[in-house]
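Reading through the structure tokens given below for one structure.
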Amino acid sequence: MLILVTGSAGFIGSSLCIKLLDTGYKVVGIDNHNDYYDPDLKEKRLARHSKHPNYTHIRMDIEDEKAIQSLFQEYDFDGVVNLAAQAGVRYSIENPLAYVKTNIVGFTHILEGCRNSNVKHLVYASSSSVYGANTKMPFSIHDNIDHPLSLYAASKKTNELIAHTYSHLYGLPTTGLRFFTVYGPWGRPDMALFKFTKAILAGEPISVFNFGKHRRDFTYIDDIVEGIIRVIDRPAQPNINWDGESPDAGSSKAPWRVYNIGNSSPVELMDYIKALENALGFEAEKNFLPLQDGDVPDTYANVDDLVKQFGYKPDMSVKQGVENFVEWYKEFYKF
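In the numbering used here, the protein residues as written are 289 to 623.
As structure tokens, then:
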């Protein structure tokens, strides 16, 4: 099978490419290599798999409609995994149009490519951010998600809505995966674990938002990749019992589905920091600050549907996952 992975030099995309190649797939990866964070890290991620005989890399932006059209005309993809996106909740407050251009317009270019070339399954990254103002825990795919708190979250919900329309109108099977706070080796420098580690090793204070009181369902990179692998070969199926008078938010009469991929074990921020301090052997100096705009106090994934449909549940402990990250960080940055 030939799989297209967008965002293939990214944190999740690069790790997914390696797993797909190891499993026996052929992979075409595209990435625009932008400078939202250190492009050198992206290049080094890519170097891990770019020489594989079954891998082809193309520097391309999903915002480029003509380039995406040409890509789908040149290759006959069996499946597509769309991970390319403008990431980050806080950056979406400063630069909302970047999210519209990449996460909405660019995503629609991918949908058009899939529609016009009869792709068997589109799997795409959604986010736990879509739950927004919801406070009922754990977050369930069957809950309403009409109150996003950031444009990033709104763009990811929009992905789910547009995908549903394509599934309904064109019969394109689409599956959205709501990732919960992904962390681990080769991660993003704009995320807390990376920032905390860099600051602690430099003897600088860390910013602890919401006074350290919020909880996150931290999910290890390998668990996320395993979830994607399990989903990609099983195209979304219609829910024949779907009822428009009592609509289920997580399924449809169309071949459209969404699933949470989270560790289903929320951890308080201070416990996460403690795990990092233990792994580093240093105590952090902490600046306690209020909750930031766009952030939610807690995330907690209900993964019952993932377990039922795919027999899979993420299970990496935060202690081990953080230790793995620290080991990688020290080796990568020569500490």
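Glycine residues also receive a C-beta, built at the ideal position from the N, C-alpha and C atoms.
Over what stretch of residues does the alpha helix (DSSP H) that includes residue i continue unbroken?
{"i": "G515", "result": "I509 to I520"}
{"i": "T469", "result": "Neither: T469 is in no alpha helix (DSSP H) and is coded neither H nor E."}
{"i": "S358", "result": "E353 to E362"}
{"i": "S405", "result": "Per DSSP, S405 belongs to no alpha helix (DSSP H) and is neither H nor E."}
{"i": "D328", "result": "P327 to A335"}
{"i": "L579", "result": "It is not in any alpha helix (DSSP H) - L579 carries neither H nor E in the DSSP assignment."}
{"i": "A386", "result": "P384 to Y387"}
Can you pull the DSSP bridge partners for residue i?
{"i": "T462", "result": "L410 and W544"}
{"i": "H345", "result": "G317"}
{"i": "N291", "result": "Note that residue 291 is Ile in the sequence shown here, rather than Asn. Answer by DSSP bridge pairing, in chain order: V315 and G367."}
{"i": "K574", "result": "I494"}
{"i": "A589", "result": "F427"}
{"i": "E556", "result": "R503"}
{"i": "S415", "result": "F467"}
{"i": "I549", "result": "F467"}
Using a 10 Å radius around the Cβ and a threshold of 16 neighbouring Cβ atoms, would you call residue i buried or exposed?
{"i": "Q374", "result": "buried"}
{"i": "S416", "result": "buried"}
{"i": "A490", "result": "exposed"}
{"i": "L457", "result": "exposed"}
{"i": "V595", "result": "exposed"}
{"i": "A421", "result": "exposed"}
{"i": "R347", "result": "exposed"}
{"i": "V418", "result": "buried"}
{"i": "H345", "result": "buried"}
{"i": "T423", "result": "exposed"}
Where do the N-terminal and C-terminal ends of the beta strand (DSSP E) with residue i fall, by residue?
{"i": "N612", "result": "Taken as a continuous stretch (DSSP letters only), N612 belongs to no beta strand (DSSP E), being part of the alpha helix (DSSP H) at V606 to F620."}
Helix or strand or just coil, what does DSSP make of residue i?
{"i": "S534", "result": "coil"}
{"i": "I528", "result": "coil"}
{"i": "S438", "result": "coil"}
{"i": "I433", "result": "coil"}
{"i": "P477", "result": "coil"}
{"i": "H340", "result": "coil"}
{"i": "A373", "result": "coil"}
{"i": "F299", "result": "helix"}
{"i": "N447", "result": "helix"}
With three or more beta-carbon pairs closer than 8 Å as the criterion, would you say the segment 421-435 touches the segment 528-535? no
Using 8 Å as the threshold, is the segment 600-617 in touch with the segment 441-449, meaning 3 or more CB pairs across them? no
Would you say the segment 458-476 touches the segment 533-551, given that touching needs at least three Cβ pairs under 8 Å? yes
contact_flag[the segment 364-381, the segment 331-338] where n(CB pairs < 8 Å) is 3 or more: no
Any contact between the segment 336-345 and the segment 376-387? By contact I mean 3 or more CB pairs, one from each, below 8 Å. no
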